[in-house]
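Written out below as structure tokens is the structure these notes cover.
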Amino acid sequence: MAKILHALVLILGLATAVQAQSNWDFPCGTPPGKSDWLKRYQEAPQLYQRDNDTTLYVPLTIHIVGSDSGNGFFSLSGLKAAFCKLNESFEEANIQFFMAGEINYLMNSAWYSHETVLEGAEMMFANNVDGTLNIYFVNDPAGNCGYNLPYAGIAMRKSCSGPNDNTWAHEIGHALAIPHPFLGWEGGISHDGSQTHNYNNPAPEIITYDYTFFQDTLIEDTLIIDTAYVELLDGSNCSFAADGFCDTSPDYLAQRWFCDANGESPVLQTDPTGASFRSDGSLIMGYSDDACQARFTPEQIAAMRADLYDENPDWISQEPPMGLVASTVTEFLSPEEGAELPFDEVLLSWTPVENATHYIVQISPLPTFGLRSEYIAEGNALVVTDLVANRDYYWRITPYNAYSYCAPISEVGTFSTTNVSSVSAIDQLASLRVFPQPVRGGNAFTVDFTVNAPIKGRIRLFNSIGQALQETALNYGAGQHTLQFPTAQLAAGLYFLSFQTAEGQAVQQIVVE
């Protein structure tokens, strides 16, 4: 079934609570720690199901948070680009993510920019959807680029969710039980950052970290401190030190850093034996810059897959995935290039793209699309009613489906709006209503209209690509009138009923199920 969805106009307590910090210095607010499940897994990974050759599809519920006034929502095009990057990052792991259901828009300034992860947990507890991994895009997630709460969900900063950012992949790694490779160093040598460390000196054999918020349930009244062995360069303690993965090399850097020419940290570190090394910048679970990060290791991948099978089987979707959206050139069907249209009712339509179920439609008064309105169309047509008169507009579309987000954006079309209203242009037409909406296929839909003076013209029914399917005369005197249109010959989809006279036209959309 094709239908039009809503549009968004985009204009430019506790001592243990994580407080706001610079999102560059602290890209991830996920509490450090190794879950009990991961500890058991790393003792005998061969006992766990992993099935590396099977693609696992994981449903995500997307929550986009704005201010109380409804401003600041993460853009639809930004979400699509972030989804594309996320699935590319997990392609080698043979894990793919898709959007389950529609986007949940939340207007709440306290959640939009929150200072502590406890406030974020409150947001998640109030809105989570069971059986899915819940993702919240906000303006400020407790001063971080993002964080994962094992008992609640993931909060993401909009500005850290671009097409080249790895924060989302990093946080989902946490959701699938993978710690930082520098586990234990999040608070320095001591859990509270009270002891500084000179990396030229040998690191201690054991460090402590705050494990309070990494339990399976939220704990608010107890400070939980754990210890971690510091990983040695020779790998002799790799199976139990730090993150417990032997194919992630030692890393003690718990703040953001840029890679050098070799893809390593510029900071030389010293392990407890006095051996020197530089951190590997390619690891998505580390803190190197996004341009350097590129991979999950084989051991990390195996653990994430085992976590899905053993800990989160309800996150594995049983429904078959849809095919990839074709990267074909989209042909605009209406309006004609440069056409002048009534400002309050603009019909946009285009040729369908193979495997696409939704389209992001962007309309802008600027050719750069720096200021734009974004809409979701379910089907290959959209009626826009909120444009301004006497203005040139540029428009383009991007197709996608719940599993496929990497199709390219279309070329740009243009049109202009006039100050003639599509409804008020027909002075005789006082009201126009079509019901029921939607109408079940095979049943008739009813058109109820009132005219205040004799009216002549034609009534035409169009499909979503602008083809006229039915036509009848419009010739009525003053008063209220009712017509019925059969749907027996109409396939499920989106249609438009047009009242046309010499003065103008009025258009109503009809959805046939």
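Read left to right, the sequence shown gives residues -20 to -1, 1 to 493 (mature numbering (1 follows the signal peptide of the UniProt record, and there is no 0)). We treat Cβ as the ideally placed atom computed from N, Cα and C, and that holds for glycine.
Sub-8 Å separation of residue i and residue j beta-carbons
i	j	result
Tyr385	Asn74	no
Pro300	Val333	no
Ser93	Val118	yes
Ala157	Asp287	yes
Leu474	Gln489	yes
Asn124	Lys65	no
Ile406	Glu72	no
Leu233	Val210	no
Asp190	His171	yes
Asn128	Glu151	yes
Phe425	Phe395	no
Ala122	Glu102	no
Ser229	Pro130	no
Asp231	Phe162	yes
Arg285	Asn32	yes
Ile42	Leu59	yes
Val305	Ala369	no
Thr323	Thr397	In the sequence as displayed, the identity of residue 323 is Phe instead of Thr. A contact, by the Cβ cut-off of 8 Å.
For residue j and residue i, the rounded distance between their alpha carbons
i	j	result
Gly359	Leu313	13 Å
Leu263	Gln273	5 Å
Met265	Ala183	21 Å
Gly17	Lys138	The question names Gly, but residue 17 is Trp in the sequence shown. Trp17 and Lys138: Cα-Cα distance of roughly 31 Å.
Gly437	Ala458	14 Å
Ala135	Ile83	15 Å
Ala61	Ile115	15 Å
Asn335	Leu367	30 Å
Ala208	Cys239	26 Å
Phe220	Lys19	9 Å
Glu483	Pro434	13 Å
Phe78	Asp223	28 Å
Glu493	Arg420	5 Å
Pro293	His461	57 Å
Pro159	Pro416	53 Å
Asn180	Gly168	15 Å
Cys8	Gly133	14 Å
Tyr383	Thr112	15 Å
Ala361	Ala448	15 Å
His154	Asn399	54 Å
Gly164	Thr188	6 Å
Asn217	Gln22	13 Å
Arg371	Thr331	26 Å
Close Cβ partners of residue i (< 6 Å) along its chain, the five nearest in sequence each way excluded
i	result
Val487	Glu325, Phe476 and Ser478
Val363	Leu327 and Gln489
Ser2	In this prediction, Ser2 scores a pLDDT of 34, lower than 50, which makes its location untrustworthy; the coordinate-derived value is nonetheless stated afterwards. So the list is empty, once near-sequence residues are dropped.
Leu346	none
residue 498	Residue coverage of the chain in this structure runs from -20 to 493, which leaves residue 498 outside it and unanswerable.
Limits of the unbroken beta strand (DSSP E) element including residue i
i	result
Met136	Gly133 to Arg137
His338	His338 to Ser344
residue 502	Lying before the first or after the last residue shown, residue 502 is absent from the chain, which here runs from -20 to 493.
Phe53	First-last for Phe53: undefined, no H or E at that position.
Leu163	Neither: Leu163 is in no beta strand (DSSP E) and is coded neither H nor E.
Ile281	Element bounds for Ile281: not the beta strand (DSSP E) but the alpha helix (DSSP H), Pro278 to Asp290.
Tyr385	No beta strand (DSSP E) contains Tyr385, which DSSP labels as neither H nor E.
Ala486	Gln485 to Val492
Gly473	Gly473 to Gln480
Thr394	Gly393 to Thr398
Cβ shell of residue i (< 8 Å), same chain only, five flanking positions each side left out
i	result
Val309	Ser390 and Glu391
Glu244	Arg258, Ser259, Asp260 and Gly261
Ser344	Gly350, Leu351, Arg352, Ser353, Tyr373, Tyr374 and Trp375
Lys(-18)	With a pLDDT of only 32 at Lys(-18), under 50, the local geometry of the prediction cannot be trusted, and the value read off the model is given with reservation. So the qualifying residues of the chain are Glu358, Gly359, Pro418, Leu474 and Val491.
Gln480	Gly437, Arg438, Ile439, Arg440 and Leu454
Ile296	Leu36, Tyr37, Val38, Leu288 and Tyr289
Ile186	Thr207, Ala208, Tyr209 and Val210
Residue-level contact to chain C via CB, residue i, 8 Å cutoff
i	result
Ile115	Annotation note: the requested chain C is absent from the structure, which comprises a single protein chain.
Same chain, Cβ closer than 7 Å to residue i, neighbours up to 5 away in sequence not counted
i	result
Trp4	Per-residue confidence for Trp4 stands at a pLDDT of 41, beneath the threshold of 50, marking its modelled position as unreliable; the derived number appears in the next sentence. Contacts found: Arg236.
residue 495	The structure shown does not extend to residue 495, since the chain spans only -20 to 493, so no value can be given for it.
Asp110	none
Leu412	Phe429, Phe479, Ala486 and Gln488
Asp227	Thr277, Pro278 and Glu279
Gly422	Thr467 and Ala468
Gly173	Gly167
Boundaries (first-last residue) of the alpha helix (DSSP H) holding residue i
i	result
Val97	Val97 to Asn107
Gln22	Asp16 to Glu23
Gly153	Thr147 to Ala155
Tyr92	Ser89 to Tyr92
Quick one: any contact between the stretch 336 to 347 and the stretch 316 to 324, if contact means 3 or more CB pairs under 8 Å?
Touching, no, given that fewer than three Cβ pairs across the two stretches are closer than 8 Å.
Segment contact flag, the stretch 51 to 59 with the stretch 251 to 259, C-beta cutoff 8 Å, min 3 pairs
At 8 Å Cβ cutoff, the stretches do not touch.
Spell out a yes or no on whether the stretch 86 to 105 and the stretch 38 to 48 are touching, meaning 3 or more CB-CB pairs, one atom from each, closer than 8 Å.
Taking a cut-off of 8 Å on C-beta distances, the stretch 86 to 105 touches the stretch 38 to 48, as three or more cross pairs fall below it.
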